[in-house]
Structure formats: C-alpha cells, structure tokens
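Sequential numbering of the sequence shown, starting at 763, is according to our numbering.
See structure below.
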Amino acid sequence: MARKKPTQAHITKLISKSQSEFMRARTKKQTEYYMGAKLIEVGVNPEIAIYRWKVIDKGMKEEWTYSAYWDDSREKIEAEEA
Numbered sequence: 763m764a765r766k767k768p769t770q771a772h773i774t775k776l777i778s779k780s781q782s783e784f785m786r787a788r789t790k791k792q793t794e795y796y797m798g799a800k801l802i803e804v805g806v807n808p809e810i811a812i813y814r815w816k817v818i819d820k821g822m823k824e825e826w827t828y829s830a831y832w833d834d835s836r837e838k839i840e841a842e843e844a
C-alpha cells in the first residue's frame, strides 16, 4: 500500500522573552526562510503553501511554532478559518 505524502510541516523554537526585538525579528525571518528551503528540498513549492505562527507562553520563554500547510491540509485550515 502506498504511503500518503505529508501535507504539512512544522518548525518549533524556544525563544527567551528577554531577547531583543531585533533578535526576535531575525529569528522569525530565519525560521520562515528555513521552512521555504525545507519545502523545496522535499519537492513542495513554497508558493502553494499557507503559513501560520503559534506562540505558547512558557514562563521566561515562548515556544514559537511555524507551520506550513499545502494540499489537503491547506484546504482543511482554510475551511476552518472561513
């Protein structure tokens, strides 16, 4: 039986709340760039994906998760947000 291809990807980072705004912005841009590169690496066009950030408070830190969704997962997210 053929294995179904993934239709989403996630990158999670733990960020100190005391980090400067410059460093936070740089980390965000680097994460977005890395996600695009990873999608290309696995054969997904980054332009067809939708992206979402989720931030969870962890006391002195924040857990940032950057997610990409395409194909079935993109359709599901868009339907939920409609």
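Idealized CB from N, CA, C, for every residue including glycine.
Q.
If I measure Cβ to Cβ from residue 769 and keep anything under 6 Å in the same chain, skipping five residues before and after, which residues do I get?
A. 832, 833, 834 and 835
Q. So what does DSSP say about residue 799, is it helix, strand or coil?
A. helix
Q) Whose C-beta lies closer than 6 Å to the C-beta of residue 816 among residues of the same chain, with five residues either side of it excluded? A) Same-chain partners within the cutoff: 827.
**Q.** Contact belief for residue 825 with residue 774 at Cβ below 8 Å, rounded distance in angstroms
**A.** 6 Å
Q | Span of the alpha helix (DSSP H) around residue 844 | A | Where residue 844 is concerned, there is no enclosing alpha helix (DSSP H), given that its DSSP letter is neither H nor E.
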